[in-house]
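2 protein chains.
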Amino acid sequence: MKYSQATDYALHAMLYLVTAAPDKPVPVQLLAEKLGVSQTYLSKMLTKLVKAGLIQSVSGANGGYRLRRNKEDISFLDIIHAIEGTASLFECSLNHGSECLIQQVVIEAEQKMEQYLRNKKISELAGQFKGIG
Amino acid sequence: MKYSQATDYALHAMLYLVTAAPDKPVPVQLLAEKLGVSQTYLSKMLTKLVKAGLIQSVSGANGGYRLRRNKEDISFLDIIHAIEGTASLFECSLNHGSECLIQQVVIEAEQKMEQYLRNKKISELAGQFKGIG
DNA sequence: CTATTATGGACTCATGAAGTCTTGAATAGA
DNA sequence: TCTATTCAAGACTTCATGAGTCCATAATAG
Numbered sequence: 001m002k003y004s005q006a007t008d009y010a011l012h013a014m015l016y017l018v019t020a021a022p023d024k025p026v027p028v029q030l031l032a033e034k035l036g037v038s039q040t041y042l043s044k045m046l047t048k049l050v051k052a053g054l055i056q057s058v059s060g061a062n063g064g065y066r067l068r069r070n071k072e073d074i075s076f077l078d079i080i081h082a083i084e085g086t087a088s089l090f091e092c093s094l095n096h097g098s099e100c101l102i103q104q105v106v107i108e109a110e111q112k113m114e115q116y117l118r119n120k121k122i123s124e125l126a127g128q129f130k131g132i133g
Numbered sequence: 001m002k003y004s005q006a007t008d009y010a011l012h013a014m015l016y017l018v019t020a021a022p023d024k025p026v027p028v029q030l031l032a033e034k035l036g037v038s039q040t041y042l043s044k045m046l047t048k049l050v051k052a053g054l055i056q057s058v059s060g061a062n063g064g065y066r067l068r069r070n071k072e073d074i075s076f077l078d079i080i081h082a083i084e085g086t087a088s089l090f091e092c093s094l095n096h097g098s099e100c101l102i103q104q105v106v107i108e109a110e111q112k113m114e115q116y117l118r119n120k121k122i123s124e125l126a127g128q129f130k131g132i133g
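Here it is as structure tokens:
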């Protein structure tokens, strides 16, 4: 079980957008160079972030991506959920009669992690952030 | 990102072993019937649990599996780690100069989850456990 | 009109999960 | 000692998903 690299890229891209000038949209080409990943691949993740309402896209020349919300309102969990989906980490595959006690425990544990990620905003790192490379 | 079904089976198998009579080893055939999974597949997971030191195997007639430790000393995390491995959920694939701040946050979150799973013992469910099916 | 930029679908490739099959080793009991 | 039972391990198959490419289409600034 691992987070996908796509999540890794998305988190870094968002960190860049949070630290970048908020008025000017950043084209995917620039982001892709910074992260060392292909444009076409990165654009998949950015599209997901757009659909999740975290960023906004501007087509055409001088276009690109910029934040849609206040940067203080964007949590790690928002980004992770946008890429990985919101399904639970654990789903019992046995057909018990009742609710699965084991599943309840693991989901409870997952919620501890989510709670931390929900409270942690990507902008908190912007101060310490010295550039991607 | 999801826990594997193997982890699901292993947790249920351990719950059964914890509630079963501790003196008599339980053969994989019996466990497999209870869980509704094939013997050969389940035995893979049980072998991992043996290697992790959670249970003990007894070959030959009247053999099977029994707990190796005190049942109060077996946590959810022990079982999950035995099956899934102990690698971190997140590994930054960019080559930064320094440590990755993003990775630090996600690993911190993971540790919240692990802390909960480490404190939760499988035997805590034994009381409420009404059988697998 | 053209260059730039995002969107979306089809596609390939590699990896890992899920599961089977078979062979071999250990041991209890006759 | 022989046999039935039980665990261990490796090779193998199948399928789903992650990772990534390529191309055609749509939107927009100049």
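Taken in sequence, the protein lines are chains A and B. Counting in our numbering, the first sequence runs from 1 upward without gaps. Counting in our numbering, the second sequence runs from 1 upward without gaps. Every residue gets a Cβ at the ideal spot worked out from N, C-alpha and C, and that includes glycine. Note that this is a predicted model, so its numbers are computed, not measured.
Worksheet item: When the cut-off is 8 Å and only beta carbons count, does isoleucine 102/A lie next to chain B?
Response: yes
Worksheet item: Span of the beta strand (DSSP E) holding isoleucine 107/B?
Response: Per DSSP, isoleucine 107/B belongs to no beta strand (DSSP E); it is in the alpha helix (DSSP H), 101-119.
Practice prompt. Check alanine 13/B in the structure and name its three-state DSSP category.
Written response: helix
Fill in: Bounding residues of the alpha helix (DSSP H) (the contiguous stretch that carries glutamine 39/A)
39-51
Discussion item. Quick check on the burial criterion: 16 or more other C-beta atoms within 10 angstroms. Buried or exposed for serine 75/A?
Written reply: Around the C-beta of serine 75/A, 16 or more other C-beta atoms lie within 10 Å, and the residue is accordingly described as buried.
Worksheet item: Since arginine 68/B contacts proline 25/B with CB under 8 Å, what's their CB separation in whole angstroms?
Response: With 8 Å as the limit, arginine 68/B and proline 25/B do not qualify as a contact, their Cβ atoms being about 11 Å apart.
Practice prompt. Name the residue from Thr86/A, Asn95/A, Lys34/A and Ile79/A whose alpha carbon lies nearest to the alpha carbon of asparagine 95/B.
Written response: Lys34/A
Worksheet item: Where does glutamine 5/B sit, in a helix, a strand or coil, going by DSSP?
Response: helix
Discussion item. Do isoleucine 79/B and leucine 17/B count as a contact pair if the criterion is CB distance below 8 Å?
Written reply: no
Worksheet item: Does DSSP put leucine 35/B in a helix, in a strand, or in coil?
Response: The answer is helix: DSSP assigns leucine 35/B an H, G or I state.
Practice prompt. Apply the 10 Å Cβ neighbour rule to alanine 21/A and answer buried if 16 or more other Cβ atoms are within range, or exposed otherwise.
Written response: exposed
Worksheet entry | Option in Leu77/B, Thr19/B, Lys51/B and Gln104/B with minimal Cα separation from glutamate 124/A | Closest option to glutamate 124/A, Cα to Cα, is Gln104/B.
Worksheet item: Got a sec: is the Cβ-Cβ distance from glutamine 29/A to anything in chain B below 8 Å?
Response: no
Worksheet item: Skipping 5 residues on each side, what residues in its chain have a beta carbon closer than 6 Å to that of glycine 63/A?
Response: Listed in chain order, the non-local C-beta contacts of glycine 63/A below 6 Å within the same chain comprise Pro25, local neighbours out to five positions each way being set aside.
Worksheet item: If you run the structure through DSSP and keep just helix, strand and coil, what is isoleucine 55/A?
Response: strand
Discussion item. Measuring CB atoms only, is the segment 27-42 of chain A touching the segment 105-117 of chain A, in the sense that at least three cross pairs come out at less than 8 Å?
Written reply: no
Worksheet item: For the candidate residues Ala82/B, Gln128/B, Glu72/B and Ala126/B, whose alpha-carbon lies nearest to that of asparagine 119/B?
Response: Glu72/B
Item to complete: Drop a sphere of 10 angstroms on the beta-carbon of glutamate 114/B, count the other beta-carbons inside from all chains shown, and report buried for 16 or more, exposed for fewer.
Response: buried
Worksheet item: To which residues does DSSP link leucine 175/B through a beta bridge?
Response: Here chain B comprises residues numbered 1 to 133, so residue 175/B is not present and cannot be evaluated.
Item to complete: For the beta strand (DSSP E) holding leucine 67/A, just list the boundary residues, first then last.
Response: 64-67
Worksheet item: Near threonine 7/B, what residues of its chain come up, given a Cβ to Cβ distance below 7 Å and the 5 sequence neighbours on each side ignored?
Response: Ile80, Ile83 and Glu84
Worksheet entry | CB contact check: glycine 127/A to chain B, cutoff 8 Å | no
Worksheet item: How many whole angstroms separate the CB atoms of tyrosine 116/A and lysine 112/B, which I take to be in contact at a CB cut-off of 8 Å?
Response: Correct: roughly 5 Å between the Cβ atoms.
Discussion item. Using the Cβ count rule (16 or more neighbours within 10 Å means buried), how would you classify leucine 11/B?
Written reply: buried
Worksheet item: Between the segment 9-39 of chain A and chain B, which residues of the former have CB atoms less than 7 Å from a CB of the latter, in chain order?
Response: Leu11, His12, Leu15, Leu35 and Gly36
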